[in-house]
Amino acid sequence: MSKAPGAGLARELGALGSMTVESFADVGGAALDLALALHERHGCRIALVDMEKSGRFAERPSDWVARYRAALEAAGVPAGQILRIGSDAEIRPWDVVANLYGFGDRHKIRPLAPVIERGLHADSVMLTDIRKGSGAFPFLRGLGSCEALTRLPGEEERTRVVFRPDPPAAEGALADWAGIARGLAGPDGFYTANEVHSFLFIPRDPSVLVVTFDNLDIAMNKREGRRPWGFEFIEKQGWSMLGVMAGGWTWYRDPWVCAEFDRLAAEGFFARFGRVVFYGASMGGYAAAAFSAACPGADVVAISPQSTLDKTVVPWETRYRVVWDKDFSGRYGDAAEASRAARQVAILYDPYEPLDSGHVARFSGANVLRLRTPLLGHRLGSSLQQMGLLSEITLKALAGTLTGAEFYHRLRARREFPRYQRELFERALARGRPALAARVGRWVLARGENRAIRKAMEAL
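Residue numbers (the working numbering): 7 to 466.
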């Protein structure tokens with residue numbers, strides 16, 4: 007088992023920017039230093055992808071797996087956060103994947119295809135090494151974008167690159183989804199679709215309609231049950247549901263989607279319900295706020311939303327390159343403006359995520375309820391779920407009964423959340439306040455073991 011060069015670790019971490027890393031996968035075991043750094047920073051789960059150069063998974067754990075696991079555990083990584091991946095069926099979407107000195111460098115690149123196809127989501131990053139003449143560059147460029155990070159030492163020309171996947175194709179998944187959706191709609195609901203987007207209406211209690219937004223690839227391939235965002239939760243409440251699905255990372259910028267919302271509004275569809283709530287996260291959070299304009303007086307619950315991705319309006323937004331060429335004009339284009347007609351726009355976000363905060367600042371209407379979740383990151387829903395708070399907070403938000411005071415009362419539970427403690431400690435150090443960091447460290451260690459903070463305290 008080799009390690010990624012220590013001199014390059016800062017570059018690799020820098021390439022990840024401010025993204026929150028909840029899961030990391032090492033293909034072949036050459037990125038131990040990166041795994042340790044990401045776990046100390048984010049407390050992420052670590053997957054050891056045990057693939058042979060042919061692309062087959064090793065029948066028995068390779069020698070490097072035991073050494074890698076021992077090094078992680080010796081550094082304080084809990085055994086339960088380390089998982090060996092020994093079959094195709096165990097591949098899950100990871101936030102960061104490292105493929106160092108492996109496929110595309112010492113081995114052919116094509117056997118890595120299953121990891122790229124099923125191990126990456128829209129915001130994933132893969133750090134990978136490419137040897138000139140290996141064919142890896144054209145192969146990867148057919149699946150996403152490659153950005154050179156550094157030239158590697160040695161006689162052969164080898165480059166470490168940052169790979170980001172393109173959005174998945176929608177055709178096959180959309181056909182499969184159509185059959186599932188029609189069954190869920192039943193005789194009293196409906197399902198409509200074009201080549202990329204679809205609407206599914208499931209009628210239940212007419213007192214509440216929840217409009218949700220989801221990505222078809224995630225629903226069909228990366229979520230058990232193959233159901234839309236929020237389906238089980240909404241079903242348990244007995245509420246009616248309108249699920250809007252996107253076949254890729256489109257931000258729903260499709261004239262057909264806009265026309266469908268116009269049609270539903272004109273036909274009085276939304277008026278049939280006592281309350282209408284638009285609900286989504288990230289891309290879905292944008293859509294929830296934007297398309298609420300079809301139902302003035304509705305409520306919006308948005309988690310880490312974007313306001314628009316029009317680069318003339320938000321030139322500081324550096325994420326989501328795949329959609330920069332989309333048209334964000336029109337009635338439903340700017341979510342910050344479109345949502346002004348809503349009764350309330352409840353936005354959950356991390357104020358220390360600068361890009362997310364920039365978008366939230368654009369929601370300036372009197373109807374906006376900003377619910378700050380400091381240090382929980384862009385994917386704060388996962389953090390709230392780990393803390394046992396997501397269902398309770400979401401239920402009250404969708405029911406229209408969540409107040410700021412109650413939200414912050416419940417959020418105090420984050421003080422016992424290891425990732426929050428670590429972020430608080432590190433931010434105090436980063437701002438040049440070692441005395442404050444020491445106070446935080448003593449407070450944390452008085453309540454239990456936190457190896458990362460204990461080690462940092464020893465150095466203060």
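Heads up, the beta-carbon is just placed ideally off N, CA and C, and yes, glycines get one too.
| Asked | Found |
| --- | --- |
| Gly410 CB to nearest chain B CB: under 8 Å? | In the structure shown, chain B does not exist; there is a single protein chain. |
| Excluding the five sequence neighbours on either side, which residues of its own chain have a C-beta within less than 6 Å of the C-beta of Leu78, listed in chain order? | Ile88 |
| How many Å lie between Pro360 and His384 at the Cα? | 10 Å |
| Does the stretch 90-99 touch the stretch 51-58, meaning 3 or more C-beta pairs lie closer than 8 Å? | yes |
| Would you grab the beta carbon distance between Phe468 and Val216 for me? Rounded to a whole angstrom, and I think it's under 8 Å. | Because the chain is modelled from 7 through 466, residue 468 falls outside the range shown and cannot be assessed. |
| Would you report the Cα separation of Arg112 and Val167, rounded to the nearest angstrom? | 15 Å |
| Could you please give me the residues that DSSP links to Glu153 through a beta bridge? | Val168 |
| Is Asp211 buried or exposed, if buried means 16 or more other CB atoms sit within 10 Å of its CB? | exposed |
| Looking at the secondary structure, which residues open and close the beta strand (DSSP E) in which Asp39 lies? | Segment 38-48 is the alpha helix (DSSP H) holding Asp39; no beta strand (DSSP E) there. |
| Does Ala16 come out as helix, strand or coil in the three-state DSSP assignment? | helix |
| When every heavy atom of the ligand GTP is checked, does at least one fall within less than 7 Å of the C-beta of Arg66? | The model depicted lacks the ligand GTP and carries no ligand whatsoever. |
| Measuring CB to CB, does Phe431 end up less than 8 Å from Gly454? | no |
| Bridge partners for Gly286 per DSSP, in chain order? | Ala308 |
| Please list the segments of the alpha helix (DSSP H) lying wholly inside the stretch 320-355, counting only runs of 4 or more residues, in order along the chain. | 341-344 |
| For Phe496 versus Leu248, is the C-beta distance shorter than 8 Å? | With the chain covering 7 to 466 only, the question about residue 496 has no answer from this structure. |
| Exposed or buried, Gln391, counting other C-beta atoms within 10 Å across all chains shown (16 or more means buried)? | exposed |
| With respect to the alpha helix (DSSP H) encompassing Trp245, which residues constitute its N-terminal and C-terminal limits? | From DSSP, Trp245 is part of no alpha helix (DSSP H) but of the beta strand (DSSP E) over 245-252. |
| Select from Glu153, Glu46, Glu163 the residue whose C-alpha is nearest the C-alpha of Ala81. | Glu46 |
| Measuring CA to CA, which of Asp362, Val320, Gly280, Asp223 is closest to Ser310? | Asp362 |
| Whole angstroms is fine: what's the gap from Gly195's alpha carbon to Thr218's? | 16 Å |
| How should Gly125 be labelled, buried or exposed, when 16 other C-beta atoms within 10 angstroms of its C-beta is the threshold for buried? | buried |
| Helix, strand or coil: which one does DSSP assign to Val33? | strand |
| Go ahead and pull the three-state DSSP assignment for His113. | strand |
| According to the neighbour-count rule (16 or more other Cβ atoms, all chains shown, within 10 Å of its Cβ), is Arg183 buried or exposed? | It is worth fixing the name first, because residue 183 is Trp in this sequence and not Arg. With 16 or more other Cβ atoms within 10 Å, it is buried. |
| Quick one: grab the DSSP three-state call for Phe205. | strand |
| Within this structure, are the beta carbons of Leu22 and Val121 separated by less than 8 Å? | no |
| Pick from Val131, Arg457, Glu161, Phe63: whose alpha carbon is nearest that of Pro117? | Phe63 |
| Pick helix, strand or coil for Ile497, following the three-state DSSP scheme. | Coverage of the chain is limited to positions 7 through 466, which leaves residue 497 absent and any answer about it impossible. |
| Is Ala296 closer than 8 Å to Tyr338 when the C-beta atoms are compared? | yes |
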